[in-house]
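Participant: Numbering (our numbering), first residue to last: 3 to 512.
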Amino acid sequence: MEMEVGCVIVVILAGVGTMMLVLHLYSSLWWRPEKLRRALGRQGITGPRPSFLLGNIREMKTSSSKPAALPAGADVAHDYSSTFFPYFNRWRNIYGPVYMFTIVNNVSLYISDPSLVKEMCLNKSLAIGKTSFSNRSFHALFGKGIIQASGHAWAVQRKIIAPEFFMDKVKGLMNLIERSSRKLLESWEDRLEQGGGIADMNVDKDFQSFSADVLSRACFGSDYSKGEEIFSKITTLQVSLPMQSFISRLPGSNYLPTKTNRTIWRLVSDIRSSILKVVEQRNKEENESKDLLQSIIKNAAEAGADESFVVDNCKNIYFAGQETISTAAKWALVLLATNQEWQTRARREVMEVCGARMPSSEELTKMTLLTQVIQETLRLYPAAPFLARQVHEDMKLGHLHLPKGTAFWIPLLSFHHDPELWGPDAHRFNPDRFARGVSGACKHPHMYMPFGTGPRTCLGQNLAMVELKIVLASILARYRVSPSPNYCHSVNLGVVMGPKYGVNLVIERV
């Protein structure tokens with residue numbers, strides 16, 4: 003009898019548990035998204051009709067196409083945004099500059115209206131933060147660090163970290179950047195020596211090593227070799243993230259014991275242990291080092307932050323500083339290689355300002371043409387195609403009333419390529435457009451946002467510009483670059499938009 007009662011209780015509990023799970027899934031996958039769609043619909047916002055579970059993914063998949071890869075020497079018009087995202091352009095033509103779409107259970111607004119974008123840029127509310135979808139997709143890589151944090155947690159982290167990237171601190175890193183640049187040039191010289199002063203080489207690993215070397219020295223100082231080991235694991239982690247798989251978009255998918263997830267869990271654990279070992283060693287030695295890690299440890303302790311703050315922000319700083327800068331440098335060289343007139347003009351400026359020696363901070367400000375080259379590179383090839391945000395409480399944005407949980411996407415890449423903003427040559431490399439600054443180049447300057455916009459503008463903007471100027475000036479002063487027959491021009495949509503088939507260039511001593 004007791005056994006029968008026990009079995010009945012187990013069956014009832016199992017039934018209740020199953021019912022609760024079904025209700026949770028129904029609420030998460032359909033009712034809450036539908037409630038949000040209805041709230042937006044009452045404001046006149048429409049969009050493509052979603053299907054259950056998938057949302058609009060099926061339509062996005064079937065209408066996507068890949069830009070054709072162009073061989074070296076081909077006349078390149080850098081118009082690839084409409085090819086990558088034809089569905090967004092089509093929906094904009096049908097539903098207007100503001101519409102909603104759904105990915106699984108994530109309801110998002112596509113906002114391309116200039117006035118609303120400006121409103122978003124000026125809005126300082128802590129209620130605007132990163133999306134739950136982004137947090138789920140990139141948690142292993144960023145944790146709760148500053149890139150993914152929202153609200154008060156983000157404000158605290160920014161207050162701690164931002165001073166380390168002010169221009170006066172960046173100027174103190176210039177010798178370190180020059181040392182890493184010299185290391186890159188020495189590796190090229192070895193290959194040029196074998197080729198009699200000219201060599202056809204792939205430069206992908208060279209620039210990845212350069213930016214990683216800068217960060218290793220800046221973050222870890224005398225322990226930079228340990229930093230290189232840690233950063234190598236972070237790079238492996240980045241590659242392991244299942245960026246495009248459908249399963250990775252589902253709530254709770256990060257906890258499934260798949261082969262990829264187990265690899266990610268192991269890497270996250272290894273990276274955490276390695277960083278904490280360095281931190282523990284620093285604390286034992288009472289290290290007086292002035293490197294970035296020591297500053298973060300000190301500031302975190304004063305703010306009462308836990309050890310996860312240090313671990314997560316080391317990963318955040320590495321990703322933001324390594325992948326984005328190395329990719330921007332490669333795109334800049336590709337553009338200079340395929341636009342010899344601009345390469346000559348930029349080289350002439352470098353030689354007039356500082357020659358082949360290390361430029362001072364004052365001399366960097368005089369390299370206006372090189373600055374324009376970098377600005378145009380980041381316009382044509384920004385690190386990311388969209389800026390995604392989510393409101394974490396009910397709020398008003400322009401004429402829109404956004405319920406808590408509403409995500410919105412700003413089509414950064416589309417803005418950067420829009421002829422209405424930049425003129426009829428928007429798909430061409432023309433740094434002269436920035437001769438009078440961003441305000442003279444773009445009809446709506448706030449829609450040029452290679453480093454993000456508003457309060458969440460990239461903290462590393464100063465470091466990125468100085469690093470790019472130094473390494474590009476060092477290269478231009480010594481070498482002429484041209485496209486290799488082995489180079490194939492195509493863009494890869496990964497965590498950062500980089501050259502799909504790598505960058506092969508012919509390097510020749512000037």
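Even glycine gets a Cβ: it sits at the ideal position worked out from N, Cα and C. Keep in mind that this is a model prediction, so the values were computed, not measured.
With distances taken Cα to Cα, identify the nearest neighbour of Thr48 among Gly223, Met176, Leu55, Leu38.
Facilitator: One-based indexing of the sequence shown puts residue 48 at position 46. Ranking Gly223, Met176, Leu55, Leu38 by Cα distance to Thr48 puts Leu38 first.
Participant: Within the same chain, show all residues whose beta-carbon is closer than 7 Å to that of Trp32, passing over the 5 residues directly before and after it, in chain order.
Facilitator: To locate residue 32, count along the sequence shown from 1; it is residue 30. For Trp32, where only same-chain residues beyond five positions count, the Cβ hits under 7 Å are Phe54.
Participant: Could you check which residue in Pro413, Phe436, Ile162 has the C-alpha nearest to that of Gln377?
Facilitator: As a first step, residue 377 is located in the sequence shown; it is residue number 375 there, counting from the start. Of the candidates Pro413, Phe436, Ile162, the one whose C-alpha sits nearest the C-alpha of Gln377 is Phe436.
Participant: With a CB to CB cut of under 8 Å and the five nearest residues on each side skipped, what residues in its chain are close to Leu1?
Facilitator: A question about residue 1 goes unanswered here, because the residues of the chain that appear run from 3 up to 512.
Participant: Just to confirm before moving on: does the CB-CB distance between Phe1 and Arg391 stay below 8 Å?
Facilitator: Examination of residue 1 is not possible in this model, given that the chain is present from 3 through 512 alone.
Participant: For Ala302 versus Val312, is the C-beta distance shorter than 8 Å?
Facilitator: Position 300 of the sequence shown holds residue 302. Position 310 of the sequence shown holds residue 312. Taking 8 Å as the Cβ cut-off, Ala302 and Val312 qualify as a contacting pair.
Participant: Please determine, among Arg438, Met360, Cys490, the residue with the shortest C-alpha to C-alpha distance to Ile179.
Facilitator: In the sequence shown, residue 179 corresponds to position 177, counting from 1. Selected option, being the one with the closest Cα: Met360.
Participant: Asp215 and Lys332: beta carbons closer than 8 Å?
Facilitator: Here residue 215 refers to the residue found at position 213 when the sequence shown is read from its first residue. Here residue 332 refers to the residue found at position 330 when the sequence shown is read from its first residue. Their beta carbons are not under 8 Å apart, which means Asp215 does not touch Lys332 by this criterion.
Participant: For Ser30, which option in Val109, Val241, Ser211 has the closest C-alpha, if you only look at C-alpha atoms?
Facilitator: Along the sequence shown, read from residue 1 onward, the residue named residue 30 stands at position 28. The shortest C-alpha separation from Ser30 is found at Val109.
Participant: Just to confirm my understanding: we take Leu295, look at its own chain, exclude 5 residues before and 5 after, and list those with CB closer than 6 Å. What are they?
Facilitator: Taking the first residue of the sequence shown as position 1, residue 295 is located at position 293. Excluding sequence neighbours, Leu295 sits near Cys221, Phe222.
Participant: Considering only the beta carbon of each residue, do Gln463 and Ser328 sit closer than 8 Å?
Facilitator: For the purposes of this step, residue 463 is taken as the residue at position 461 of the sequence shown. For the purposes of this step, residue 328 is taken as the residue at position 326 of the sequence shown. Not in contact: Gln463 and Ser328 (Cβ atoms no closer than 8 Å).
Participant: Since Glu61 contacts Pro50 with CB under 8 Å, what's their CB separation in whole angstroms?
Facilitator: Position 59 of the sequence shown, counting from 1, holds the residue named residue 61. Position 48 of the sequence shown, counting from 1, holds the residue named residue 50. With 8 Å as the limit, Glu61 and Pro50 qualify as a contact, their Cβ atoms being about 6 Å apart.
Participant: So, does the stretch 116 to 134 touch the stretch 437 to 456, judging by three or more C-beta pairs under 8 Å?
Facilitator: Flag = yes, the stretch 116 to 134 and the stretch 437 to 456 touch.
Participant: May I have the straight-line CA-CA distance separating Met245 from Ser139, to the nearest angstrom?
Facilitator: Your numbering for residue 245 matches position 243 in the sequence shown. Your numbering for residue 139 matches position 137 in the sequence shown. Because the pLDDT of Met245 is 47, which lies under 50, any placement of that residue in the model is unreliable, and the question is left without a value.
Participant: Could you compute how far the alpha carbon of Phe248 sits from the alpha carbon of Leu461?
Facilitator: As a first step, residue 248 must be located in the sequence shown, where it is residue number 246. As a first step, residue 461 must be located in the sequence shown, where it is residue number 459. Its pLDDT being 49, under 50, Phe248 is placed unreliably in this model, and the value from its coordinates should be taken loosely. Looking at the two C-alpha atoms, the distance is approximately 32 Å.
Participant: Output the distance between the C-alpha atoms of Asn318 and Asp192, rounded to the nearest integer angstrom.
Facilitator: Residue numbering aside, residue 318 sits at position 316 when the sequence shown is read from its first letter. Residue numbering aside, residue 192 sits at position 190 when the sequence shown is read from its first letter. If I take the Cα positions, the gap works out to 33 Å.
Participant: Could you check if His401 is buried or exposed, using at least 16 other CB atoms within 10 Å of its CB as the buried criterion?
Facilitator: Here residue 401 refers to the residue found at position 399 of the sequence shown. His401 is exposed by the Cβ-count criterion.
Participant: Count the other CB atoms within 10 Å of the CB of Phe103; is the residue buried (16 or more) or exposed (fewer)?
Facilitator: One-based indexing of the sequence shown puts residue 103 at position 101. Buried: at least 16 other Cβ atoms inside 10 Å.
Participant: Taking the continuous alpha helix (DSSP H) assigned at Tyr89, which residues delimit it?
Facilitator: Residue 89 sits at position 87 when you count from the first residue of the sequence shown. Note, Tyr89: alpha helix (DSSP H), 88 to 97.
Participant: Are the beta-carbon atoms of Leu337 and Val483 separated by less than 8 Å?
Facilitator: If you number the sequence shown from 1, residue 337 lands on position 335. If you number the sequence shown from 1, residue 483 lands on position 481. Against a cut-off of 8 Å, the Cβ pair of Val483 and Leu337 comes out as no contact.
Participant: Identify the residues that DSSP records as bridge partners of Tyr450: which are they?
Facilitator: As a working note, residue 450 is residue 448 in the sequence shown. Beta-bridge pairing links Tyr450 to no other residue.
Participant: Tell me the DSSP secondary structure of Cys490 in three-state form.
Facilitator: By one-based count along the sequence shown, residue 490 stands at place 488. Of the three classes helix, strand and coil, the one that applies to Cys490 here is strand, per DSSP.
Participant: So His419 is in the beta strand (DSSP E); what residue range does that whole segment cover?
Facilitator: Reading the sequence shown from its first residue, position 417 is the one you call residue 419. No beta strand (DSSP E) holds His419; DSSP gives it neither H nor E.
Participant: Taking the beta carbon of Tyr323 as the centre, do at least 16 other beta carbons fall within 10 Å, making it buried, or is it exposed?
Facilitator: The residue labelled residue 323 in the question sits at position 321 within the sequence shown. Sequence check: residue 323 is Gly here, not Tyr. It counts as buried.
Participant: One question on the structure: do Leu399 and Asn125 come within less than 8 Å of each other, judged by their Cβ atoms?
Facilitator: Looking up residue 399 in the sequence shown gives position 397. Looking up residue 125 in the sequence shown gives position 123. Going by C-beta atoms, Leu399 is nearer than 8 Å to Asn125.
Participant: Quick one: grab the DSSP three-state call for Pro361.
Facilitator: On the sequence shown, position 359 is the one that residue 361 refers to. Three-state DSSP puts Pro361 in coil, outside helix and strand.
Participant: Tell me whether His154 is buried or exposed, calling it buried when 16 or more other Cβ atoms sit within 10 Å of its Cβ.
Facilitator: Locating residue 154 in the sequence shown gives position 152, counting from the first residue. By the neighbour-count rule (16 or more Cβ atoms within 10 Å), His154 is not buried but exposed.
Participant: Ignore the nearest five residues each way along the sequence and tell me which others in Val508's own chain have a CB closer than 6 Å to its CB.
Facilitator: Sequence index remark: in the sequence shown, residue 508 carries index 506 (1-based). Closer than 6 Å at the Cβ level, and outside the excluded window around Val508, lie Asp202, Ser484, Ser486.
Participant: Quick check on Arg391: does DSSP put it in helix, strand or coil?
Facilitator: For the purposes of this step, residue 391 is identified with residue 389 of the sequence shown, where counting begins at 1. Arg391: strand per DSSP, three-state reduction.
Participant: Helix, strand or coil for Val483? Go by DSSP, reduced to three states.
Facilitator: Start at 1 with the first residue of the sequence shown, and residue 483 comes out as number 481. Strand.
Participant: Within a Cβ cutoff of 8 Å, which residues of the same chain sit near Ser297, ignoring the five residues on either side of it in sequence?
Facilitator: The residue given as residue 297 occupies position 295 in the sequence shown. Hits under 8 Å: Glu166.
Participant: Kindly identify the DSSP beta-bridge partner or partners of Asp202.
Facilitator: Taking the sequence shown and counting its residues from 1, one reaches residue 202 at position 200. Answer by DSSP bridge pairing, in chain order: Val508.
Participant: Considering only their Cβ atoms, is the gap separating Thr238 from Leu269 smaller than 8 Å?
Facilitator: Position 267 of the sequence shown, counting from 1, holds the residue named residue 269. Position 236 of the sequence shown, counting from 1, holds the residue named residue 238. The answer is yes: Cβ separation under 8 Å.
Participant: When DSSP labels each residue in this structure, what does Lys368 get in the three-state scheme?
Facilitator: Position 366 of the sequence shown, counted from the first residue, corresponds to residue 368. Residue state, collapsed to three classes: helix.
Participant: Starting from the C-beta of Gly504, find all residues in its chain whose C-beta is less than 6 Å away, skip the five residues before and the five after it, and write them out in chain order.
Facilitator: Your numbering for residue 504 matches position 502 in the sequence shown. Taken in chain order, the residues that qualify are Asn204, Asp206.
Participant: May I ask you to report which of helix, strand or coil DSSP gives Gly229?
Facilitator: On the sequence shown, residue 229 is found 227 positions in, with the first residue counted as 1. In this structure, Gly229 counts as helix in the three-state DSSP scheme.
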